[in-house]
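Inspection log for the structure reproduced underneath, given as structure tokens.
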Amino acid sequence: MKVKIKQWNGVAVWRWETKQSSQVDDDDDDVCGICRGPFDGCCPDCKTPGDDCSIVIGECKHVFHMHCLFKWIGSDLSKQLVRYYIER
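See below:
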């Protein structure tokens, strides 16, 4: 018996690796420190997740969507919870 495949649709699953092996498991490592959105999704400014919506790990060891961080840096720094110096 022969089977002929007429169409094939591949499905892939990806996930950003945000935890370092020495870090303790914490639910906050799976969400952006600014928008609180999951990293396997996308930031509020993007329509689709992926390389265009990458993640950034700050010196404070918090993890952010790249677009959320850029928008946050442009906002009033006196209102921010994390008080590390940011070079512009």
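In this text, residue positions in the sequence shown follow numbering that gives the first Met the number 0: the first is 0, and each later residue adds one.
Ideal Cβ placement from N, Cα and C applies to all residues, glycine included.
Here the structure is a predicted model, which is why all the values come from computation and not from measurement.
For Phe69, the secondary structure class from DSSP, reduced to helix, strand or coil, is helix.
Inter-residue distance for Trp71 and Ile33 is about 8 Å (C-alpha atoms, whole angstroms).
Short of 7 Å from the beta carbon of Pro37, and not among the five residues preceding or following it, lie these beta carbons of its own chain, in chain order: Asp29 and Val30.
Phe38: not part of any beta strand (DSSP E); DSSP gives it neither H nor E.
Per DSSP, the unbroken beta strand (DSSP E) holding Val55 starts and ends at Ile54 to Ile56. Sixteen is the threshold: when 16 or more other Cβ atoms of the shown chains lie within 10 Å of the Cβ of Val62, as they do, the residue is buried.
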